[in-house]
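Everything in the sequence shown is counted per numbering that gives the first Met the number 0, starting at 0 for the first residue and increasing by one. For each residue, glycine too, the CB sits at the ideal point set by N, CA and C. Nothing here was measured: the structure is a model prediction, and the numbers come from that model.
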Amino acid sequence: MEIIHVSAECYPVAKAGGLGDVIGALPKYQCQLGHTAKVVMPMYRTKFLLQNEWELVHESGSYLGNTWFKYAVIKEKTNKLGFDLYLIDIDGLLNRENIYGYDDDTERFTAFQIAVLHWMNSWSHTPDVVHVHDHHTGLIPFMLKYCYGLEKLRRIKTVLTIHNAQYQGLFGWNKVHYLPSFDNWKSGLLDWQGNINPLAAAVKCADKVTTVSPHYMAELRREANGLEDLFEYEKGKCTGILNGIDVEVWDPATDPLISTNYSIADVEAGKAANKKAACAAFDLDESKPLIVFIGRMVGEKAADLLPSVIGESVQMHEGRLNFVVLGNGNPKVEYELQALQELIAPNLGLYLGYNEKLAHQLYAGADFLLMPSRVEPCGLNQMYAMRYGTVPIVRDTGGLHDTVVDIGAPNFAGYGIVFTHATVFDINEAIHRAMGWYLERPDILQAAREKMMRIDHSWEKSAADYVALYQS
Ligand code: ADP
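This is the structure in structure tokens:
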């Protein structure tokens with residue numbers, strides 16, 4: 000099969016979160032299964048663009064409403080990522096440093112999607128599947144089915160994967176003219192509660208819909224930022240497929256971004272060496288347990304609770320544990336963490352920003368990774384942590400529910416610490432339990448580390464599940 004992934008992110012070209020990781024890995028594993036998977040994404044001005052070689056494969060133009068735009072398609076020359084990678088440039092819209100966050104994101108991603116289909120329409124063949132990801136590419140299934148001039152592409156099957164249903168990309172009907180002319184009888188498919196909602200349109204129009212974990216799929220029928228009824232109605236074509244992780248990039252035995260490589264055989268010594276390096280970076284006492292948070296500081300991740308959690312926890316345990324927080328986002332949370340750090344500097348390391356190398360070092364060096372998420376469609380951090388022998392402390396939601404078993408489960412089948420509510424009280428209770436295991440039963444934590452590191456989170460299984468879905 001030929002599968003075209005259309006996405007706003009792809010690691011290492013451009014990544015803001017888990018979506019980038021998935022698009023950087025899934026196509027590679029689909030190619031290894033004998034299929035032809037390709038990625039098409041916008042040509043942002045990132046480091047990857049400047050550091051690699053490209054060839055021009057297509058140049059043309061199309062309309063965004065009444066505005067004519069020229070676009071160019073370039074292809075990475077060496078198959079560096081293990082699949083064909085195409086970038087689409089639209090001067091004035093996509094030639095930016097950042098992926099998101101501009102006032103004209105609607106125009107940027109609508110024009111990108113129009114260009115993708117315009118280019119595909121010029122091919123001498125049609126691919127089997129167009130696989131779109133999140134709302135940034137959510138108009139494609141609708142356009143492919145109902146826009147005039149794309150009749151040749153109608154036989155292509157479409158799959159939508161939802162990495163995060165909180166963001167839906169909605170815009171007003173006053174911008175409907177951006178879309179190439181389409182069968183007006185179908186305009187209701189674009190609508191959700193009076194707006195054009197690209198995510199809802201994709202849920203309605205794609206042949207299959209997946210989420211990045213089975214539990215998240217079930218949750219969306221109860222809580223989906225306004226789309227609950229839609230998920231209930233469309234449940235027949237919806238399934239959850241758990242993300243894998245790229246076990247080549249995320250391997251403590253070979254990871255060039257950590258201070259000391261290790262494997263299950265020498266996990267205790269390896270983690271101790273990495274903890275030393277991680278603690279040294281923040282001037283923390285390495286003999287104390289180290290709990291780490293890595294992620295976007297947004298409500299979904301319950302980052303707003305971190306200042307209270309950390310402040311109370313350090314006080315409750317009389318400074319006998321340390322935290323490191325790596326991330327950025329909500330300015331209020333950033334400010335509160337900075338203020339807290341001034342008060343408890345010996346117990347809190349803080350890095351406000353994005354730092355891939357530090358993230359790897361922390362996964363390797365931490366004793367525990369904290370994920371109190373209110374919403375977690377899959378969550379990759381807990382899987383990286385487990386692969387590096389770091390015990391996850393997670394809220395029982397979404398993909399965290401599907402991947403972490405509590406250490407208190409019968410017959411010592413578990414390996415993480417799971418709690419129910421995203422409240423300061425519940426999180427601190429979970430940290431208290433973690434401290435208990437750390438101080439009183441290090442043997443059980445050691446067994447948990449070894450157990451976690453043996454779990455197979457590789458993409459092979461998920462990649463095969465996607466292929467089965469395409470075939471269905
Ligand atoms: P989401 O996509 O919702 O942000 P995921 O858990 O699916 O969350 O993926 C987060 C990814 O982004 C992980 O690879 C994580 O290590 C990385 N990440 C998040 N914030 C940072 C940061 N500040 N610095 C480095 N890596 C980060």
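For residue 293, the distance from the CB to the nearest heavy atom of the ligand ADP is below 7 Å. By the beta-carbon neighbour count (other beta carbons within 10 angstroms, threshold 16), residue 201 is buried. Taking the CA atoms as reference points, residue 151 sits about 28 Å from residue 90. Scanning 124, 387 and 302 for the CA closest to the CA of residue 251 turns up 387. Counting only the Cα atoms, residue 294 lies some 7 Å from residue 325. Under a 10 Å Cβ-count criterion, residue 122 is classified as exposed, with fewer than 16 other Cβ atoms of the shown protein chains found around its own Cβ.
DSSP, read as helix, strand or coil, puts residue 44 in coil. In this structure, DSSP gives residue 312 a helical state, which the three-state scheme calls helix.
If only complete runs of 4 or more residues are kept, the segment 189-257 shows the alpha helix (DSSP H) at 197-204, 213-219 and 227-232, in order along the chain. The beta-carbon separation of residue 273 and residue 259, rounded to 6 Å, stays under the 8 Å limit for a contact.
Between residue 421 and residue 410, the alpha-carbon positions lie close to 27 Å from each other. Per DSSP, the continuous alpha helix (DSSP H) segment holding residue 115 begins and ends at 104-119. Taking the CA atoms as reference points, residue 289 sits about 13 Å from residue 431. Taking the Cβ atoms as the reference, residue 291 lies roughly 5 Å from residue 361, within the contact range of under 8 Å.
With respect to the 8 Å criterion, residue 127 and residue 7 are not classified as neighbours on the basis of their beta carbons.
Contact between residue 406 and residue 347 is ruled out by a C-beta separation of about 25 Å, above the 8 Å threshold. Short of 8 Å from the beta carbon of residue 96, and not among the five residues preceding or following it, lie these beta carbons of its own chain, in chain order: 43, 44 and 45.
Short of 8 Å from the beta carbon of residue 456, and not among the five residues preceding or following it, lie these beta carbons of its own chain, in chain order: 243, 244, 246, 382, 385, 386 and 402. In this structure, residue 397 keeps its C-beta atom at 8 Å or more from the C-beta atom of residue 415. In this structure, the alpha-carbon of residue 110 lies about 9 Å from that of residue 93.
Across the structure, residue 189 and residue 183 are spaced so that their CA atoms are roughly 11 Å apart. Contact annotation, residue 211 with residue 115: C-beta distance approximately 22 Å; criterion of less than 8 Å not satisfied. Residues 8, 9, 10 and 13 of the same chain have their beta carbon placed closer than 7 Å to that of residue 19, with the five preceding and five following residues left out of the count. Of the other Cβ atoms in all chains shown, 16 or more fall within 10 Å of the Cβ of residue 226; this residue is therefore buried. The beta-carbon separation of residue 130 and residue 240, rounded to 12 Å, does not stay under the 8 Å limit for a contact. A residue is called buried when at least 16 other Cβ atoms come within 10 angstroms of its Cβ; residue 145 meets this threshold and is buried. Burial state of residue 231 is exposed, judged by a 10 Å Cβ sphere holding fewer than 16 other Cβ atoms.
Collapsing the DSSP output to three states places residue 377 in coil. Boundaries of the alpha helix (DSSP H) around residue 461: 458-470.
In the three-state DSSP reduction, residue 122 falls in the coil class, being neither helix nor strand.
Only exposed fits residue 67, as fewer than 16 other CB atoms lie within 10 angstroms of its CB. CA-CA distance, residue 214 to residue 304, rounds to 24 Å. The three-state reading of DSSP puts residue 307 in helix, counting H, G and I together.
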